[in-house]
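Scroll down for the structure; my scribbles are underneath it.
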Amino acid sequence: MKEVEAYRAFAGTPGIIHSIDYSIATERGGGEDSKTVYVLLPYYKRGNLQDMINANLVNGTQFPERKLMVLFLGVCRALKAMHQYKGGNGSGKARPIERMRMGNEADDDLDSLGSDSSSDSDLDTGKQALRKSTAKKNKNKKPVNNKRSRHESSSKNATADTGADGDHESAQQQPLMGTSSSAELSATSFAHRDIKPGNIMIDDSGTGPILMDLGSVAPSPLFVTSHSQAVAVQDTAAEHSTMPYRAPELFDVHNGAVIDTKVDIWSLGCTLYACLVGKSPFEARSDETGGSLSLCVLGGDWRFPGEGGLNQGAQRQGTAANLKKAQQDAAAGSKEVVISEPVKDIVRKCLAVEPVERPDIDELIRLVEDEIDVDELS
């Protein structure tokens, strides 16, 4: 249900996807605690940013840099609503979060019908009566005539994991919004933790990005106070944060670490690089050297096409053989990727290995606005 709560928390926020409806289903034959959450999301006919990257690779084309930076600016502004949460409508006034049905009311009724020794026809009759009752409550709700969403989200497990981590792990699994007061909500920030081209839809106008897949959203900052909590945070990141776009602090979480919104800045840098080059910087470097992707991330080992050596943030020294190979690869490139220096600088700032060296979302927005001369857009 954490993902459903996130959709409700950011409902009405420009640039962030909203849910149309959701349903909690108990599968026949499943246990009482086994439920599936189905979320109905809008359909965007233009697909996502990854689709556009794939099309560029197939056709041998590139994004017009200005158009790309305008899209990137839209993503940054949407993400700012998470990093500086002010309520679902972004007005600065926290929107009350309704208590959501967790499957205890209607689903328990279905469970009680299913646990009875009555026949299947009795079960179907009971379900029909329950649906009629629910439909009566929602008779004024307009039906949604929509094709099945290509991005319907399903929570694979609606129950929170439990284990030996005690309070620390339960803190990781607690509801995103819970029953916090409006004052607490207005002062809370959140990190998306899974920014990547595949999670950025393009609206039907073709000019506006829509940030989606809120299943990875987590409160920020998160203070890691024990080894067990560090393991839980790292395991959660491995499950919900895509590896080529995952920040280095999520690969190796240790006691005393602070995980904050800077993880999204790193992912934005990887995303912008992928739009420019065709794949994330660490996928590209790992494929080139045959090395481990995680070691490339932790060492900040990446470069732009045609550049020799390691970029800012890499700590190890390249050998003469490595530099020679990089020069040969650059010379053998079939098509030169043209990237302006200001855009390269934005990527470099985002991909600083140390979180404190990365810009926050406000600074990043200023950098992007300066690069595209935002005054001309207004």
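For the sequence shown, full-length UniProt numbering assigns the number 1 to the initial residue and increments by one for each residue that follows.
By construction, the Cβ of each residue, glycine as well, lies at the ideal position given by its N, Cα and C atoms.
Since the structure is predicted, the reported quantities are computational estimates derived from the model, not experimental observations.
Would a C-beta distance cut-off of 8 Å place residue i and residue j closer than the cut-off?
| i | j | result |
| --- | --- | --- |
| L41 | I20 | yes |
| P244 | S280 | yes |
| S216 | R193 | yes |
| L364 | P197 | no |
| E3 | V39 | yes |
| A191 | S220 | yes |
| M69 | V368 | yes |
| L351 | G300 | yes |
| I346 | L272 | yes |
| S267 | A247 | yes |
| A257 | V224 | yes |
| Y44 | L214 | no |
| H83 | I361 | yes |
Is residue i helix, strand or coil by DSSP?
| i | result |
| --- | --- |
| A9 | helix |
| M212 | coil |
| A55 | helix |
| S292 | coil |
| A230 | helix |
| F190 | strand |
| K1 | First, the residue type needs correcting, since residue 1 is Met and not Lys in the sequence shown. Correct three-state label for M1: coil. |
| I202 | strand |
| R16 | Note on residue identity: the sequence assigns Ile, not Arg, to residue 16. I16: strand per DSSP, three-state reduction. |
| Q317 | Residue confidence is low: Q317 scores 38 on pLDDT, short of 50, so the model does not pin down where it sits. Its coordinate-derived value is still stated next. In this structure, Q317 counts as coil in the three-state DSSP scheme. |
Using the Cα positions of residue i and residue j, report the straight-line distance between them to the nearest angstrom.
| i | j | result |
| --- | --- | --- |
| V356 | K262 | 8 Å |
| N54 | D370 | 28 Å |
| L295 | K80 | 30 Å |
| V343 | I17 | 27 Å |
| C76 | D33 | 39 Å |
| V253 | D204 | 40 Å |
| K86 | N255 | 30 Å |
| L71 | F63 | 11 Å |
| I202 | G47 | 6 Å |
| A230 | T61 | 43 Å |
| G269 | I200 | 14 Å |
| E307 | V338 | 12 Å |
| V233 | D51 | 30 Å |
| F282 | E5 | 33 Å |
| R303 | L73 | 23 Å |
| P359 | I265 | 7 Å |
| R366 | A274 | 21 Å |
| A11 | G206 | 21 Å |
| F251 | H240 | 12 Å |
| A336 | V353 | Before going on, a small fix: residue 336 reads as Glu here, not Ala. Cα-Cα distance, rounded: 27 Å. |
| T188 | T236 | 21 Å |
| V37 | A218 | 19 Å |
| R28 | A284 | 46 Å |
| Y22 | G31 | 21 Å |
Name, in chain order, the residues that DSSP records as bridge partners for residue i.
| i | result |
| --- | --- |
| Y22 | V39 |
| V258 | F223 |
| A218 | A191 |
Among residues of its own chain, excluding the 5 on either side of residue i, which ones have a beta-carbon nearer than 8 Å to its beta-carbon?
| i | result |
| --- | --- |
| A78 | T13, P14, G15, I16, P209, I210 and L211 |
| R66 | I372 |
| S292 | S286 |
| N56 | Q62, F63 and G278 |
Please list, in chain order, all residues of the same chain as residue i whose beta carbon is under 7 Å from its beta carbon, the five residues on each side excluded.
| i | result |
| --- | --- |
| residue 459 | The structure shown does not extend to residue 459, since the chain spans only 1 to 378, so no value can be given for it. |
| S340 | E65 |
| E249 | A257, I259, V263 and P355 |
Does any residue of chain D bring its CB to less than 8 Å from the CB of residue i?
| i | result |
| --- | --- |
| K80 | Considering every chain present, this structure includes no chain D. It has just one protein chain. |
What residues in its chain sit with their C-beta under 6 Å from that of residue i, if we drop five residues either side in the sequence?
| i | result |
| --- | --- |
| T289 | none |
| K349 | P359 |
| L222 | I259 |
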